[in-house]
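There are 2 protein chains.
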Amino acid sequence: MSEAGWSVHPQLRNDAAPVGDLALSRVLSINDADYPWLVLVPRRANVVEIADLGDETTLLMTEIARVSRLLKEVTRCDKINVAAIGNVVPQLHVHIVARWKHDPLWPRPIWGVAVSRAYDAANFERFIGTIRSGLGVSELR
Amino acid sequence: MSEAGWSVHPQLRNDAAPVGDLALSRVLSINDADYPWLVLVPRRANVVEIADLGDETTLLMTEIARVSRLLKEVTRCDKINVAAIGNVVPQLHVHIVARWKHDPLWPRPIWGVAVSRAYDAANFERFIGTIRSGLGVSELR
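Residue numbers (our numbering), protein chains in the order written: chain L, 100 to 240; chain W, 100 to 240.
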């Protein structure tokens, strides 16, 4: 499969900042200071369900595992939460979120709850820079 | 990796009925008549995060895709929701849930919401039988 015809869904573009591109997925970050939050979006047009990726499902999983591991190392969180929901934005995207046993919502899931508190701009940039560096990806042009 | 030392976490055993075993995962089903709900539990001891599975992450993804596809066919739902949360039950388990645009919670996620309405026993057995047959797995002894 190729990237032809793919672009980030406007709502994801609005809700999250670009981090960089892995082999299959664009990595985005939602600005939530309480729950460090990355999103993987496979750069494939018209893909809604994980199974729509065909043979590339396994590459997506490799990227989920890699990003999860990095996010856990960087944040020293207690648990990584992963979900592909897509009830609002149909374009396939996978949430990868750091959680702590002392965070405000623990143990409830983060999804379906209003975003709480944004980082200040410098801290969000710093977080994105750390992830970019950990993944060895460049800022998108 | 092997199954040595693995057993279903007591809370999962309490919350869900066994469907059968795929190559890596035990398939369970939560009895929720509004949201047909399967759970994959890799039969590996001491695995908490997806990344803990190492090389077997890709096998888990193959099973997620296969079970998602079957659940969508069987239920004719609008969307499959997939999540690995594990804030309450640490043993790695992946939820695969059928959702409809007309279901009571749409588009909100199902997680963190109380289970609504159980099937009657015959319908739950029929659902489990359909999944078992679609996956070609046997009832566990």
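For every residue, glycine included, the Cβ atom is placed at its ideal position computed from N, Cα and C.
All figures in this text were calculated on a predicted structure; none of them were measured in a lab.
Beta-bridge partners of residue i, as assigned by DSSP
i, result
"W/L127", "W/P117, W/V138"
"W/R198", "W/K178"
"L/A183", "W/V181"
"W/V193", "W/L139"
Close Cβ partners of residue i (< 7 Å) along its chain, the five nearest in sequence each way excluded
i, result
"W/G233", "L169, V173"
"L/I184", "W210"
"L/A103", "A144"
"L/L152", "P141, R143, V146, L159"
"L/D114", "I129"
"W/E224", "none"
"W/P208", "N180"
Contact under 8 Å by Cβ, residue i with residue j
i, j, result
"L/V196", "L/Y134", "yes"
"L/L137", "L/Q190", "no"
"W/T229", "L/T157", "no"
"W/S124", "W/F226", "no"
"W/V107", "W/V236", "no"
"L/W105", "L/R142", "yes"
"W/A221", "W/N130", "no"
"L/L239", "L/H192", "no"
"L/A164", "W/A122", "no"
"W/I179", "L/E155", "no"
"W/P203", "L/N186", "no"
Distance cut-off 7 Å: residue i Cβ against heavy atoms of the ligand GDP
i, result
"W/T161", "The ligand GDP is not part of the structure shown, which contains no ligands of any sort."
Cβ-based neighbour list, residue i, same chain, cut-off 8 Å, excluding 5 preceding and 5 following
i, result
"W/P188", "Checking the displayed sequence, the identity of residue 188 of chain W turns out to be Val instead of Pro. Closer than 8 Å at the Cβ level, and outside the excluded window around W/V188, lie H108, Q110, L111."
"L/V212", "L204"
"W/M100", "R143, L152, G153, E155"
"W/H201", "none"
6 Å CB neighbourhood of residue i in its chain, flanking five on each side removed
i, result
"L/S215", "D133"
"W/R231", "V118, G119"
"L/S167", "I179, I195"
For the pair the stretch 106-122 of chain W and the stretch 169-178 of chain W, tell me if three or more CB-CB distances fall below 8 Å.
no
Against chain L: residues of the stretch 155-175 of chain W by CB proximity under 8 Å
T156, T157, L159, M160, T161, I163, A164, R165, S167, R168, K171
Of the residues that make up the stretch 175-201 of chain L, which ones have a beta carbon closer than 7 Å to any beta carbon in chain W?
K178, I179, N180, V181, A182, A183, I184, G185, N186, V187, R198
Taking beta-carbon pairs under 8 Å, can you tell me which members of the stretch 126-148 of chain W lie near chain L?
V147, E148
Proximal residues, the stretch 214-233 of chain L versus chain W, C-beta separation under 9 Å:
none
Determine which residues of the stretch 103-116 of chain W have a Cβ less than 7 Å from any Cβ of chain L, and write them out in chain order.
none
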